[in-house]
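With our numbering applied, the sequence shown closes on residue 428, and no number is skipped along the way. Here the structure is laid out as structure tokens; the discussion comes afterwards.
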Amino acid sequence: MSLLHNVDVPFEKATFGLGCFWGVETLFGGKTGVLRTRVGYGGGKAPNPTYKNIQDHTEITQVDFDPKIVSYEELLDMFWKNHDPTFKTKTQYCSLILYHSPEQKSLAEKTRDEVKKTSKDEVLTRIEPFEIFYDAEGYHQKFYVQHHPWLCAKLELDDTDCLLNSTLAARLNAWVTGVGSLSQIEEEAPKLGLDETTVEYVRRFFIKYQNRSHTC
């Protein structure tokens, strides 16, 4: 069976900032219905930000998702539950939702207002229209799976373009850090074209790291 890097179905985009993007990418990459993830910089006005010169931008994670499988509301729920939107931090790591449509804006504002009702502190999340996404440097993309060079070489994940656009890469980046579930691995691995040797390798790391914090 060939490796499934590109799932060719209609999709929508969602873009979030909720701290260091290494861990955030694993969070969304492990969600069934998410097709692709990529990390980068956005939300600012200065041109061409980089990791060493991020300027007024924020570390963000962009998600391509199949709305027939996972809804934007579900992704928003993950957003709110996996960081503290009242925590004051520098712009690089701030709480940020960049919406791609009027519907996304409405849902983001609705859920923010719900969070405000139960929060003792000020909710600092910015909700703004998406304008531009600057890809982060290659070594940031699927950061954790890149620490498994054998896996990347075997599965043709050894160039930045593939890391940016591969469904397989998104899922593996989550699984090797313990994000997702064993049942998800068993169900999706054959569809992604993984052989039993690879599945056993991934399963071992999933078990090792599951239930741990995935912040940077």
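Note that the Cβ used here is the ideal one computed from N, Cα and C, for glycine as well.
- Residue range 314-330 is occupied by the alpha helix (DSSP H) that includes ASP325.
- Per the C-alpha coordinates, the member of TYR253, GLY252, THR238 positioned closest to VAL246 is THR238.
- One alpha carbon belongs to LYS403, the other to LEU384, and they sit about 13 Å apart.
- DSSP, read as helix, strand or coil, puts ARG250 in strand.
- Comparing alpha carbon positions, the residue from PHE418, SER395, ARG415, GLY229 closest to MET290 is GLY229.
- Considered as a whole, the stretch 235-315 harbours 284-293 as its complete alpha helix (DSSP H) runs of no fewer than 4 residues, in chain order.
- Per the coordinates, the alpha-carbon of GLU285 lies some 18 Å from the alpha-carbon of ASP296.
- If you draw a 10 Å sphere on the C-beta of VAL221, you find fewer than 16 other C-beta atoms in it, and that means exposed.
- Contact check for LEU369 against VAL357 passes: the beta carbons are separated by less than 8 Å.
- When the five nearest sequence neighbours on each side are left out, the beta carbons in the same chain lying within less than 6 Å of the beta carbon of VAL327 are those of TRP292, VAL335, in order along the chain.
- DSSP, reduced to helix, strand and coil, places PRO341 within a strand of the structure shown.
- When C-beta atoms of the stretch 362-382 are compared with those of the stretch 255-269, fewer than three pairs fall below 8 Å, so the two segments do not count as touching.
- Beta-bridge pairing by DSSP links THR227 to GLN274, LEU310.
- Around the CB of LYS420, fewer than 16 other CB atoms lie within 10 Å, so the residue is classed as exposed.
- With a contact defined as Cβ atoms closer than 8 Å, ILE281 and GLY254 miss out at about 25 Å.
- When DSSP states are grouped into helix, strand and coil, ASP373 belongs to the helix group.
- Where ARG415 is concerned, the enclosing alpha helix (DSSP H) starts and stops at 408-421.
- Under the DSSP definition of a beta bridge, ASP347 partners with GLY252.
- Cα atoms of ARG248 and GLN422: separation of roughly 21 Å, rounded to the nearest angstrom.
- The beta carbon of ARG338 is closer than 8 Å to those of GLY255, CYS306, SER307, LEU308, ILE309 in its chain, skipping five residues each way along the sequence.
- A buried status is given to TYR311, since no fewer than 16 other beta-carbon atoms sit within 10 Å of its beta-carbon.
- Residue nearest to LEU367 within the set GLY405, PRO259, GLU340 is GLY405 (criterion: CA-CA distance).
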